[in-house]
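Just below is one structure, and these are the notes that go with it.
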Amino acid sequence: MEAIAFYTFAILTTVMFLITVLTSHALYALSALAAGMIFISAFFFLLGADFLGAIQIIVYTGAVMALYSFGMMFFDTTRDVVEKRTSPQLIFGLSGLAALMVVAIFTAPIISGNITALYPAIDGVGNSQMVGMVLFTKYLIPFEVAAIMLLVAMIAGIVLAGKKMDHSLTLMKDEVECTNEEKEQV
Amino acid sequence: MMEITLQHYMILSIVLFAIGLIGVMRRKNLLMLFFATEILLNAVNIAFAAIGSYYGDMTGQMFAFFIIAIAASEVAVGLGLLVLWYKRTGKIDLDAMTSMRG
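Line by line, the protein sequences give chains A and B. The opening position of the first sequence corresponds to residue 1 in the working numbering, with each subsequent residue numbered one higher. The opening position of the second sequence corresponds to residue 1 in the working numbering, with each subsequent residue numbered one higher.
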């Protein structure tokens, strides 16, 4: 049963992400990415990480994909996306890095035989409860730092994409003045 | 029926990471590059959750949580910058951003 679910969702996720990467239409890419995110949460449920799966659905398909959808209203999405012609050196280097990563991942279990669980899951305790216990004792400071980081990101998003950005950003004002000066010089 | 081991999840993670790398390599549109970055982060999340589940440890899930938080803030800031750039220049291609002439 677990194998059937794993292979089904693995194929679905791979196909969805391939569509995301290979299509030349932005809306197809967005829809396929959202579907792939939901399918990925199935792996978390299979692995017993129920809370992580719920967070994956809520955050990725609820927040991130909604943010992308709202962002795409600003862009011209009907036009086909132009693809890049990269240099062969870059492709060679990145492919080499990817191959090295594959080797490292396959050899990692050999050298990691003496790994023991740092915060082992307790029997009889649910996943959400266990997450809360570990997150609010051992990982409290990273949790708070992540909260501050999200606050900073929220304020940055509001400032950057807000309506009165012509007046609020000094950088833009400088550049506009600079271009005006350049025009005068020309 | 064949049992699903850690290796299965690692191979799936590698495949998804490779798909994300292909996207990073071939895209010129910056929005599509963001999509490829999300794929990369999700592939790593699967690997973290699988390893944590395999060792019966909660640390993998914790790191996956923080990766999700980082991805959310990255999208907020990146999309704000992207909207700003699109309003100013009218295009979000990478080739149009070579303003430094390095």
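Here a beta-carbon is modelled for each residue, glycine too, at the ideal position from N, C-alpha and C.
Task: Residues that B:L40 contacts on chain A, provided the C-beta gap is smaller than 8 Å - done: On the second sequence, residue 40 of chain B is found 40 positions in, with the first residue counted as 1. Neighbours of B:L40 on chain A: none; closest Cβ ~10 Å, over 8 Å.
Task: Given 8 Å, three or more beta-carbon pairs between the segment 4-23 of chain B and the segment 60-79 of chain B - done: Taking a cut-off of 8 Å for Cβ pairs, the segment 4-23 of chain B and the segment 60-79 of chain B do not touch, as fewer than three such pairs fall below it.
TODO: Would you mind telling me which residues of chain B sit closer than 9 Å to A:I194, beta carbon to beta carbon, in chain order?
DONE: Beyond the ends of chain A as shown, which are 1 and 186, falls residue 194 of chain A; an answer cannot be given.
TODO: Give a yes or no on whether 9 Å exceeds the smallest Cβ distance from A:A156 to chain B.
DONE: The residue you call residue 156 of chain A lines up with position 156 of the first sequence. True, the Cβ-Cβ gap to chain B drops below 9 Å.
TODO: Helix, strand or coil for A:V15, going by three-state DSSP, please let me know.
DONE: Residue 15 of chain A sits at position 15 when you count from the first residue of the first sequence. Here A:V15 sits in helix by DSSP.
TODO: Compare the Cα-Cα distances from A:V159 to each of B:D95, B:I92, B:T98 and B:G80 and report the closest residue.
DONE: Translated into the one-based positions of the first sequence, residue 159 of chain A becomes position 159. When each option's Cα is compared against that of A:V159, the closest is B:G80.
Open item on the list: Could you compute how far the alpha carbon of A:L22 sits from the alpha carbon of B:I92?
Closed with: By one-based count along the first sequence, residue 22 of chain A stands at place 22. By one-based count along the second sequence, residue 92 of chain B stands at place 92. Going from the Cα of A:L22 to the Cα of B:I92 covers about 18 Å.
Open item on the list: Within 9 Å of any Cβ in chain B, is that where the Cβ of A:I91 sits?
Closed with: The residue labelled residue 91 of chain A in the question sits at position 91 within the first sequence. So, interface residue.
TODO: Take the Cβ of A:L97 as the centre, count every other Cβ of all protein chains shown within 10 Å, and call the residue buried at 16 or more, exposed below.
DONE: Residue numbering aside, residue 97 of chain A sits at position 97 when the first sequence is read from its first letter. Flag for A:L97 reads exposed.
Open item on the list: Residues of chain A with CB closer than 7 Å to the CB of B:T59, please, in chain order.
Closed with: Mapped onto the second sequence, residue 59 of chain B falls at position 59. Result: L118 and Y119.
Task: Whether B:Q61 touches A:V131 by CB criterion (9 Å) - done: Residue mapping note: residue 61 of chain B aligns to position 61 of the second sequence, counting from 1. Residue mapping note: residue 131 of chain A aligns to position 131 of the first sequence, counting from 1. Yes, they are a contact pair.
- [ ] Just the chain B side, please: which residues come within less than 9 Å of A:I19 by C-beta, in chain order?
- [x] Along the first sequence, one-based indexing puts residue 19 of chain A at 19. In chain order: nothing, as chain B lies at least about 10 Å away.
Open item on the list: Just to check my reading of the structure: B:L6 and B:A64 have Cβ atoms closer than 8 Å, yes? What is that Cβ distance to the nearest angstrom?
Closed with: Counting from one through the second sequence, the residue named residue 6 of chain B turns up at place 6. Counting from one through the second sequence, the residue named residue 64 of chain B turns up at place 64. Contact doesn't hold; Cβ gap of about 16 Å is too wide.
- [ ] Anything in chain A within Cβ reach of B:V77, meaning under 8 Å, just list it in chain order.
- [x] Here residue 77 of chain B refers to the residue found at position 77 when the second sequence is read from its first residue. Close partners of B:V77 in chain A (Cβ separation under 8 Å): A153, A156, G157 and L160.
Open item on the list: So with CB distances below 7 Å, who are the chain B contacts of A:I38?
Closed with: Indexing the first sequence from 1 puts residue 38 of chain A at position 38. Ordered by position in chain B, no residue passes the 7 Å Cβ test against A:I38, which lies about 11 Å from the chain.
Task: A:D123 - DSSP class collapsed to helix/strand/coil - done: For the purposes of this step, residue 123 of chain A is taken as the residue at position 123 of the first sequence. In the displayed model, A:D123 falls within coil according to three-state DSSP, outside both helix and strand.
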